[in-house]
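Participant:
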Amino acid sequence: MTSVRALVDDDWPAVLRIYAEGIATGNATFETEVPRREVLDARWLPGQRWVADIAGVVVGWAAASPVSTRSCYAGVAETSVYVATQFQGRGVGRVLLQQQVAAADEAGLWTLQTSIFPENIPSLELHYAAGFRLVGVRERIAQHHGVWRDTVLIERRRPQ
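Sequence positions in the sequence shown follow our numbering and run -17 to 142.
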């Protein structure tokens, strides 16, 4: 059974390993190397960092980052969800995203957004099932390994 809990210091090695697995797919992020723990720790919002655990093993993580330093955007966050390769397709991403959405609503975040490569169909389906909606496709938004890539921008608004 998958449980979700707040990320703690001992979880970082697993979080970084899972991030590396996502980077290796070529369809999870524009990152080409795993950022250092200190970089992620500074980037991610406190209280918006989760890990999925199965029998004491961290098998996925989710985190949210502010989209801007401007105070008017304080309730808007960019989300990330990563699941270890061997645990994909088992509902781990679903429970992580459910926790992330519930915690964001409780914390007063009014918009969660993310950009997903159009080739990453499982991630798009996961987010649509969690109430995210299509904003648009950002064509040729950035290069990844020297190739221009599109991303699908999706968002979820907290119910009024």
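Beta carbons: idealized from backbone N, C-alpha and C, even for Gly.
Can you check DSSP and say which residues form a bridge with SER97?
Facilitator: Locating residue 97 in the sequence shown gives position 115, where the first residue counts as 1. Under DSSP, SER97 takes part in a beta bridge, and its partners are LEU135.
Participant: What are the partner residues of SER62, as DSSP defines its beta bridges?
Facilitator: As a position in the sequence shown, residue 62 is number 80, starting the count at 1. The bridge partners DSSP lists for SER62 are ALA45.
Participant: Taking all protein chains shown into account, decide if SER62 is buried (16 or more other Cβ within 10 angstroms of its Cβ) or exposed.
Facilitator: Taking the sequence shown and counting its residues from 1, one reaches residue 62 at position 80. Classification of SER62: buried, given that the 10 Å Cβ count is 16 or more.
Participant: Please return the same chain residues whose Cβ sits closer than 7 Å to the Cβ of PHE99, not counting the five positions on each side in sequence.
Facilitator: Here residue 99 refers to the residue found at position 117 when the sequence shown is read from its first residue. Hits under 7 Å: ASN9, ARG131, THR133.
Participant: Quick test of the definition: if touching needs 3 or more C-beta pairs under 8 Å, does the region 17 to 34 touch the region 42 to 49?
Facilitator: The region 17 to 34 makes contact with the region 42 to 49, as at least three CB pairs between them are under 8 Å.
Participant: Since GLY75 is in the alpha helix (DSSP H), which residue starts that stretch and which ends it?
Facilitator: If you number the sequence shown from 1, residue 75 lands on position 93. Unbroken alpha helix (DSSP H) run through GLY75: 74 to 89.
Participant: Under a Cβ-count criterion, where at least 16 other Cβ atoms within 10 Å of its own Cβ denotes burial, should LEU116 be classed as buried or exposed?
Facilitator: Here residue 116 refers to the residue found at position 134 of the sequence shown. By the beta-carbon neighbour count (other beta carbons within 10 angstroms, threshold 16), LEU116 is exposed.
Participant: Count the CB pairs spanning the region 2 to 17 and the region 62 to 75 that are closer than 8 Å, and state whether there are at least three.
Facilitator: yes
Participant: Looking at chain C, is there any beta carbon in it that lies within less than 8 Å of the beta carbon of GLY128?
Facilitator: Absence of chain C from the displayed structure is noted, only one protein chain being present.
Participant: Thinking C-beta only, is VAL77 closer than 8 Å to VAL(-14)?
Facilitator: Counting from 1 along the sequence shown, the entry for residue -14 is found at position 4. Counting from 1 along the sequence shown, the entry for residue 77 is found at position 95. Closer than 8 Å, so yes.
Participant: Report the option in PRO48, GLU15, GLU13 whose CA atom is closest to the CA atom of PRO28.
Facilitator: Along the sequence shown, one-based indexing puts residue 28 at 46. Comparing Cα-Cα distances from PRO28 to each of PRO48, GLU15, GLU13, the minimum goes to PRO48.
Participant: From the DSSP output, which residues share a beta bridge with GLY118?
Facilitator: As a working note, residue 118 is residue 136 in the sequence shown. Beta bridge pairing from DSSP links GLY118 with LEU135.
Participant: Going by Cα to Cα distance, which pick from ALA59, THR93, GLN82, GLY113 is closest to ALA(-12)?
Facilitator: Along the sequence shown, one-based indexing puts residue -12 at 6. Here the closest residue by C-alpha is GLN82.
Participant: DSSP beta-bridge partners for THR(-16)?
Facilitator: Within the sequence shown, numbered from 1, the residue matching residue -16 stands at position 2. Its beta-bridge partners are ILE36.
Participant: Could you tell me the boundaries of the alpha helix (DSSP H) in which GLU107 lies?
Facilitator: The residue you call residue 107 lines up with position 125 of the sequence shown. 103 to 111 is the span of the alpha helix (DSSP H), which, as asked, contains GLU107.
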